[in-house]
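**Q** Can you keep this structure in mind? I'll have questions shortly.
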Amino acid sequence: MQISAGDLEFEWISDWAELPSADSAARGWAHHGAAFSTEGQIVTFHPTESVVVILTPAGDLVRSFGVPVTEAHGLTLATHGYMQSIWIADNGRKRDPDHDYDYMPEPPVGKVVRVSMTGEVELELDTPDIPAYENDLFSPTSAIAFDDRCGGNGDIWVADGYGQSLVHRYNAAGDFLSSIDGTEGAGRFDCPHSLWIDTRPDAPELLVADRANGRVQVFDMEGGYIRTIGADYFDRPTVFANYGENVLVGELNARVTIVGPNDELIGYLGDNTPVSEEPAWPNEPGENDIPRRTSRLVEGLFNSPHGITSDDDGNIYVTEWLIGGRYTKLRLVG
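Just so we're aligned: 139 in the working numbering is position 139 of the sequence shown, and the numbers increase by one with no gaps anywhere.
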């Protein structure tokens, strides 16, 4: 099966990833990200367990290790000196297969942590001490560092996509500095789901996936508004990845969008937007209205992209939000 967008053509490779605890993985409602390491490996998360999974581009398991989070919802890598670490935005809650896929009964506790490539906690960020959190939830969905790789100062940006729809800035030591809410630009954020630092311009830019508003807002690295991208071609922009002179944007409503260097739409991969209108999407209704893994998965069409990354050879890796997860590789063929 091959799919294309613009002049790019890919082979669709299903069930690409070798996951540990496969029986357990089949039960969990996957809700996580993916990243590509300096060692040439794909870093992602187990659908059910609090376990980071590291894979080769061929999908072979290199290693896995536990981390003290509920959900590795947002996952990015940061370089400092010769070391690389994993930033995890833990939204603090996870749907439990033992409770009919309702959220776990414990009160949600969102947090942002940086762990080593073997799982040791290196830094944890506190919930900002601001009025927005006096009585309301902190439920972060993305964290990214303005790190050495970007020529940055180490600042960390955090999106509270499932809490108060704010984006926060911390310094490299983890001290809270400031927040933006979108009113600096195109309008108030509504689920700022993911963040990305775009290093293509001479001055790096912060991209905010303003998901429920169907747009990407762009800021400088001080939080100053620059412009808005894609209000006329995005549906639900969810997650970013570099792709040469382009940017990949995974959209939850069933496609991967390729955006060119001048913010122009290159095309869509695996576009399957109507599936999001199906009953119980991203899953399907089961007995007693308990959701079960969907039978609507089709090669060449996405169901619910939630994590995305690419490798040095132009291949793309997509993780999806559904029971059992879905790990797909798009191998560049032309």
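For every residue, glycine included, the Cβ atom is placed at its ideal position computed from N, Cα and C.
All of these numbers come straight from a predicted model, not from anything done at the bench.
Within this structure, are the beta carbons of ILE290 and TRP29 separated by less than 7 Å?
**A** no
**Q** ALA17 to PRO131, Cα distance in whole Å?
**A** 43 Å
**Q** One question on the structure: do ASP155 and THR79 come within less than 7 Å of each other, judged by their Cβ atoms?
**A** no
**Q** Please report the residue range of the beta strand (DSSP E) in which ALA145 lies.
**A** ALA145 -> beta strand (DSSP E) spans 142-145.
**Q** According to DSSP, is PRO274 part of a helix, a strand, or is it coil?
**A** helix
**Q** Just tell me which of LEU55, ASP96 and ASN153 has its CA closest to the CA of THR70.
**A** ASP96
**Q** Is it the case that the Cβ atoms of PRO237 and ARG200 are separated by a distance below 7 Å?
**A** Contact: no.
**Q** What number of angstroms, rounded off, separates the C-alpha of SER14 from the C-alpha of ASP175?
**A** 42 Å
**Q** Pull the bridge partners of GLU9 from the DSSP assignment, please.
**A** For GLU9, the beta-bridge partners assigned by DSSP are SER4.
**Q** Should GLN2 be labelled buried (16 or more other beta-carbon atoms within 10 Å of its own) or exposed?
**A** The residue in question, GLN2, is exposed, as its Cβ has fewer than 16 Cβ neighbours within 10 Å.
**Q** Between GLY119, GLY66, GLY187 and VAL113, which lies nearest to THR127 when the distance is taken from Cα to Cα?
**A** VAL113
**Q** Cβ of ASP263 within 7 Å of Cβ of GLU251?
**A** no
**Q** For ARG211, name the three-state secondary structure that DSSP assigns.
**A** Reduced to three states, the DSSP call for ARG211 is helix.
**Q** Could you give the residue range of the beta strand (DSSP E) that holds SER178?
**A** 176-180
**Q** Counting only runs of 3+ residues fully inside the segment 283-314, write out the beta strand (DSSP E) ranges in chain order.
**A** 305-310
**Q** Cβ of GLU284 less than 7 Å from any chain D Cβ?
**A** Reference to chain D is not applicable here, since this structure consists of a single protein chain.
**Q** Whole beta strand (DSSP E) runs in the segment 41-75 with 3 or more residues, listed along the chain?
**A** 42-45, 51-55 and 61-66
**Q** Look at the alpha carbon of GLY163 and the alpha carbon of ASP129, and state the distance between them as a whole number of angstroms.
**A** 14 Å
**Q** Can you tell me which of GLY66, ALA22, HIS46 and HIS73 puts its alpha carbon nearest to the alpha carbon of GLY33?
**A** HIS73
**Q** Would you mind stating whether TYR317 and LEU265 have Cβ atoms separated by less than 7 Å?
**A** no
**Q** Could you give the DSSP three-state label for ASP129: helix, strand or coil?
**A** coil
**Q** Is it a yes or a no for the segment 220-232 touching the segment 173-191, going by three-plus beta-carbon pairs under 8 Å?
**A** Segments in contact, yes.
**Q** Less than 6 Å between C-beta atoms, sequence neighbours within five positions excluded: which residues of the same chain meet that for ASP311?
**A** PHE36 and PRO57
**Q** Do you know offhand how far THR10's Cα is from GLY300's?
**A** In the sequence on display, residue 10 carries Phe and not Thr. Near 10 Å, if we compare the C-alpha coordinates of GLY300 and PHE10.
**Q** Using the beta-carbon count (16 or more within 10 Å), is ASP90 buried or exposed?
**A** buried
**Q** Rounding to the nearest angstrom, what Cα-Cα distance links GLY337 and LEU166 in this structure?
**A** Shown here, the chain extends from 1 to 334; a query on residue 337 therefore has no answer.
**Q** Between the C-alpha atoms of ASN272 and CYS191, what's the straight-line distance to the nearest angstrom?
**A** 22 Å
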